[in-house]
Each structure stands twice: as C-alpha cells, then as structure tokens.
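Quick note on this note's numbering: the sequence shown kicks off at 1 and runs consecutively.
Glycine included, every Cβ here is placed at the ideal spot set by N, Cα and C.
The next block holds one structure in the form of structure tokens; read it before the comments.
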Amino acid sequence: MDLAKEIKRRRTFAIIAHPDGGKTTLTEKLLLFGGAIHVAGAVKSNKIKKAATSDFMEIERQRGISVATSVMGFEYNSLKINILDTPGHEDFAEDTYRTLSAVDSAIVVIDAAKGVEAQTRKLMNVCRMRSTPVMAFVNKMDREAKDPFDLIDELEKELNIKTLPLSWPIGMGASFKGVYNLYGKQLNLFSGSAKQHIDEDVVNISDIASPELEKYVDSYAAKLRDDVALLQGVYSSFDVDAYLRGELAPVFFGSALNNFGVQELLDCFCQIAPHPRQATTEERIIDPFEEKMTGFIFKIHANMDPNHRDRLAFLKICSGAFERNKAYLHVRQGKQLKFSSPNAFMADKKSIVDEAFPGDIVGLHDTGNFKIGDTLTEGEKLHFTGIPSFSPEMFRYVENADPMKSKQLAKGVDQLMDEGVAQLFTSSFNGRKIIGTVGALQFEVIEYRLEHEYGAKSRWEPISLYKACWIESDNKAQLADFMQRKHTNMAKDKYGRDVFLAESSYALQMAQEKFPDIKFYFKSEL
Ligand code: G4P
C-alpha cells in the first residue's frame with residue numbers, strides 16, 4: 001500500500017444546494033459518470049418530504065435511506081471520489097452543517113431561475129469560515145432562467161466570493177442551445193435527450209469569430225461573441241491557488257436533469273479539487289501524509305431498529321491508514337477500541353473494509369462510546385477543532401410527560417444530543433430544559449425517537465427565541481453584570497458553558513451595543 005498515492009487520489013466533497021436546486025439529480029449524474037450506478041433514478045432522494053412528516057414510519061424509512069446516501073464513493077479516472085450528503089428540506093439539521101467539517105471542497109448548485117437561496121447562503125457561510133474551495137454549477141438552464149451576468153453578480157454578492165465563469169450558456173429555456181467551454185474552447189450542443197446517457201455533442205471551435213459558429217447556434221452566435229468579449233474584458237485567467245484558498249469559485253452552466261454540462265464540471269473538479277488537506281487540532285496541525293492514523297467523528301446515526309441500540313459513527317480519516325481490527329485510542333475516554341466490521345461506502349451501498357485512507361469516511365458500529373467531535377489516534381492525545389455546534393434557530397421546552405419514566409427521558413435526551421440531533425440548554429433562571437434545532441422536523445423526530453427507542457413520553461412547549469449565543473469576555477466585571485441583568489435569558493449548554501438566549505435580533509443587537517467587551521458567538525467548538 002502506498003499511502004501517499006492513496007491520499008493524492010482522494011477527493012472528498014459535498015454538494016450544497018437549496019432544496020430542489022438539483023443536488024440529488026447532480027449526485028446521480030456524477031455517479032453515472034463514475035459507473036457506480038447504471039441507470040438514472042438509482043439514488044433515492046433522501047429528502048423527507050413535507051407531506052410525509054406526520055407519518056413516522058415514513059421518517060424511519062427515510063432515515064434508512066439517508067444512511068445509505070450519507071457517503072457515496074466512486075472511482076473516476078483513477079481518482080477515488082467521496083460525495084458527502086448534506087440533507088436538505090425539513091430535515092435540515094446541524095448534521096448538514098457539520099458534514100462540511102469533513103470535506104475538502106464543495107460544489108454549490110444554484111437553480112438558474114431562483115438564484116441564490118437561503119439554505120445555500122447558510123451552508124456557504126460555513127464553507128467561507130473554513131476556507132473550503134468551492135465550484136458553482138448553475139443548474140436548470142433548460143428552463144427560463146435569470147440572465148447569466150445577473151446570476152454571476154448575484155453569486156459574488158450573496159455568497160461573498162469572487163467568481164470566474166469557465167463555461168457560458170447560449171440561450172436558455174426552450175431556446176437553450178448549449179454552453180461554450182471558455183477554456184477548452186469547445187461548443188457543447190444541447191440536444192435535450194441525453195437524460196440516460198453520458199455523451200454530449202461536442203464541437204471544437206477555437207475561434208468563435210469563425211462563421212462556423214452560426215452553423216450550430218444560428219442567431220445566437222452574435223450574442224455569444226458579445227458575451228465572451230465582455231467576459232474576457234472583465235475576468236482574468238483562472239487562478240487555481242485562489243480557488244484552493246477558497247477565494248475564487250469557477251462557475252459552470254448546465255442542466256443536471258439532462259446531464260448537460262456535468263462532464264465539464266466533473267473534469268474540472270478532477271483537475272483542480274484538492275486531495276485531503278491538513279487538519280487542525282488543539283495540539284498541532286495534522287498532515288494527511290503522516291504515517292499514524294488520526295480521525296474524528298462528525299456524524300452519528302442511530303440504528304433504525306429500536307431492539308438493536310447500536311449506532312453508526314462516521315469517522316473522517318485525517319492522516320495515516322485506518323486498519324480493521326487494529327486498536328485505536330479513543331482520546332476522550334482514554335481507552336483502546338478495535339473495529340471488526342468498519343464500513344466503507346461505495347455509491348449507495350456499504351461494505352466491510354480492511355483499510356481506509358485520509359479523505360475516506362468509515363462507518364463504525366458503536367454501542368454508545370462516541371460523541372460528535374471524538375478523536376481516534378494511535379496513542380497521541382489530540383483534539384480536532386473546527387467541528388462546531390451552530391446556534392439553533394428554533395427552541396422548545398421539553399418536559400417529562402410520564403413521572404415513572406424520567407430516567408428514560410434523561411437518558412434519551414442525553415444520547416440524542418450526543419448524536420448531534422439537536423442541542424440541549426438548561427435555563428439558569430428556572431432550570432427548565434430547552435432543546436434547540438436548526439430545522440423544525442427535528443422536534444418531531446426527537447419526540448418520536450424518545451418514545452420508541454427509550455420508552456419516554458415528552459411534552460413540548462414552544463418558546464419564542466431568536467438565537468442562542470455563547471458568550472465570553474476578558475472583562476469579568478462586565479460579563480458578571482450582563483449575566484445578572486439578563487439572568488432570565490441565561491442558560492448553560494450541555495458542557496456547562498454560558499449561553500445567552502436572545503429573544504429577538506433587536507435584543508441581541510442592544511446587548512452587543514451595551515456590552516461591547518462581551519463576545520457573542522454563533523457557533524461553539526465542541
Ligand atoms: P434537491 O436534491 O436539490 O432537492 O433537488 P432534486 O435533484 O431532487 O431536483 C429537484 C427537482 O428539480 C426535481 O424535480 C428534478 O427533476 C428537477 N431538476 C433537477 N435538475 C434539473 C434541470 O437541470 N432541469 C430541469 N428542468 N429540472 C431539473 P421534481 O419534479 O421535484 O422531482 P422528480 O419527480 O422529477 O424526481
């Protein structure tokens with residue numbers, strides 16, 4: 001086994017999109033190129049559809065699907081590509097954010113008619129925070145779309161990143177002719193009937209001044225020439241280092257559904273996307289090429305069968321080679337663990353794997369040892385950073401609805417929080433337990449799971465809060481004054497840290513103005 005070679009051929013990334021942007025469709029097309037699946041429709045959407053939210057068996061079924069699609073690996077042009085799923089829709093949860101801590105790059109999919117939408121913006125903020133390299137795919141060009149120049153402007157402004165179009169659309173909607181590959185100087189003609197195939201109609205046109213262009217795109221030729229001239233005046237050549245620093249996003253146009261423009265995206269991705277990068281721990285920087293294995297848990301998925309309480313913990317390998325049946329140090333617990341059946345994920349299947357490398361995700365069967373953020377090493381005591389909790393946006397009090405089952409409730413809440421399903425706060429004012437989530441469906445999932453997996457009945461009461469912020473200050477007097485004045489809004493998180501529960505954005509703003517020495521954080525490191 002050549003560790004360096006294995007690392008260099010790995011590309012681990014996430015596709016970011018607002019629900020319905022085309023993430024599932026694009027994922028499927030990428031798997032089709034990789035030969036990992038053979039027909040479109042093979043990857044089940046992991047979306048928990050709104051209509052199904054009252055049907056809890058449906059939620060369970062969907063959870064099963066989302067395990068299968070959590071990580072999809074495939075081989076393409078001697079690369080091992082791992083796509084990490086970022087669930088969207090109503091099941092949008094902290095998991096979605098946290099998955100971005102395990103990727104080395106991202107592809108953001110934008111609906112050409114809708115432009116940049118809320119969820120994309122939120123997820124991109126996480127990418128920006130981590131300087132994750134990003135490419136953009138403007139999807140659904142086969143429909144009426146916004147003007148491409150406006151879209152590029154919107155991307156730059158809304159996502160706060162410089163862009164560089166590498167392909168350019170010719171027409172849109174019913175008159176969508178195709179895209180011009182600005183760097184390959186090729187014309188890709190759209191036929192609209194390639195859904196199940198992976199070939200496109202490509203014509204090499206090195207000089208778009210050539211009258212040959214009219215032959216293919218008739219009256220759109222002049223517009224394309226004007227657009228390209230304008231682009232050449234505005235954009236300089238592609239600076240790959242700026243992309244790798246997370247400052248510049250190359251942009252492609254196409255239609256995932258029609259499998260159009262996907263090949264260019266994938267080929268460019270393979271050329272420029274980074275192999276696993278360095279990771280940061282509190283103690284030191286970890287280089288992926290180090291011989292000793294290190295990794296962290298970024299996601300935990302409970303078994304769907306309540307009779308088998310085991311869970312699947314997702315380990316992102318950061319350095320060295322992971323081996324089956326080898327003992328690793330679980331740093332937080334200070335004990336050695338061996339894994340006899342670690343899972344690897346290929347396409348939508350999982351299988352037992354003997355070894356895995358940086359960039360890979362391994363599924364470890366767990367009976368309650370792991371929490372999000374836990375580290376495995378070959379003995380060194382390391383703590384990975386950059387796996388934060390994010391400020392929840394929805395809050396409810398949780399109460400025990402069955403006095404005989406208070407232990408079960410406490411245990412259930414504790415374990416679900418370890419899984420990172422939601423966050424628990426305890427009011428410093430009245431001791432009541434508050435659960436915060438980033439997606440509304442999580443409350444229903446928690447209530448259902450508490451009852452079915454832990455035998456605990458819970459009662460929920462909404463609280464109108466804007467955000468939970470972790471607070472900190474070197475000015476101890478000011479901090480104490482703040483906590484006293486705001487004592488009805490103070491709480492402790494699961495780790496005993498002080499959290500301010502702001503009732504409105506106005507209340508938060510006032511607090512920030514009146515107490516300038518206090519830092520308000522919207523995410524916490526675990
Ligand atoms: P998501 O995972 O980001 O939520 O999006 P998904 O791929 O499920 O796509 C959302 C909808 O947009 C789907 O239609 C899909 O077929 C459609 N779509 C994706 N890419 C394109 C494209 O390039 N052009 C056009 N015209 N449509 C596209 P749906 O009706 O919601 O679902 P389905 O019944 O087709 O599966």
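Taking one beta carbon from each stretch, the stretch 329-346 and the stretch 405-413 have fewer than 3 pairs nearer than 8 Å; the two do not touch. For ALA356, the CB stays at least 8 Å from every heavy atom of the ligand G4P.
Judged by the Cβ position, LYS140 qualifies as a neighbour of the ligand G4P at the 8 Å threshold, a heavy atom of the ligand being closer than this.
Going by DSSP, LYS476 is part of the alpha helix (DSSP H) stretching over 476-485. For SER255, the distance from the CB to the nearest heavy atom of the ligand G4P is below 8 Å. Sixteen is the threshold: since fewer than 16 other Cβ atoms of the shown chains lie within 10 Å of the Cβ of TYR506, the residue is exposed.
Fewer than three pairs of CB atoms, one per stretch, sit closer than 8 Å, so the stretch 121-134 makes no contact with the stretch 318-334. Taking 9 Å as the cut-off, the Cβ atoms of LEU166 and PHE238 count as close. LYS371 counts as buried, since at least 16 other C-beta atoms from the protein chains shown sit within 10 angstroms of its C-beta.
For LYS299, the secondary structure class from DSSP, reduced to helix, strand or coil, is strand. Closest option to PRO388, judged by alpha-carbon separation, among ARG432, PHE252, VAL103, VAL126: VAL126. Contact between ALA17 and VAL109 holds: their C-beta atoms lie close to 4 Å from each other, under 8 Å.
Here ARG143 is not near LYS80, since their CB atoms are 9 Å or more apart. Ranked by how close their Cα comes to the Cα of HIS487, the residues GLY431, TYR495, LYS467, ALA456 have GLY431 in first place. Taking the Cα positions, THR163 is about 16 Å away from ALA112. A distance below 8 Å between beta-carbons, with the five flanking residues on each side excluded, links ARG284 to the following residues of its chain, in chain order: LEU382.
Secondary structure of PRO388 (DSSP, three-state): strand. Note: SER524 is bridge-paired with SER389 in the DSSP secondary-structure output. VAL240 has its CB no nearer than 8 Å to any heavy atom of the ligand G4P.
The alpha carbon of ALA221 has as its nearest neighbour, out of GLN232, LEU257, VAL179, the alpha carbon of VAL179. With a threshold of 8 Å, the Cβ atom of GLY21 counts as near the ligand G4P, since some heavy atom of the ligand is closer than that. Contact annotation: the stretch 295-303 touches the stretch 353-373, with at least three C-beta pairs closer than 8 Å.
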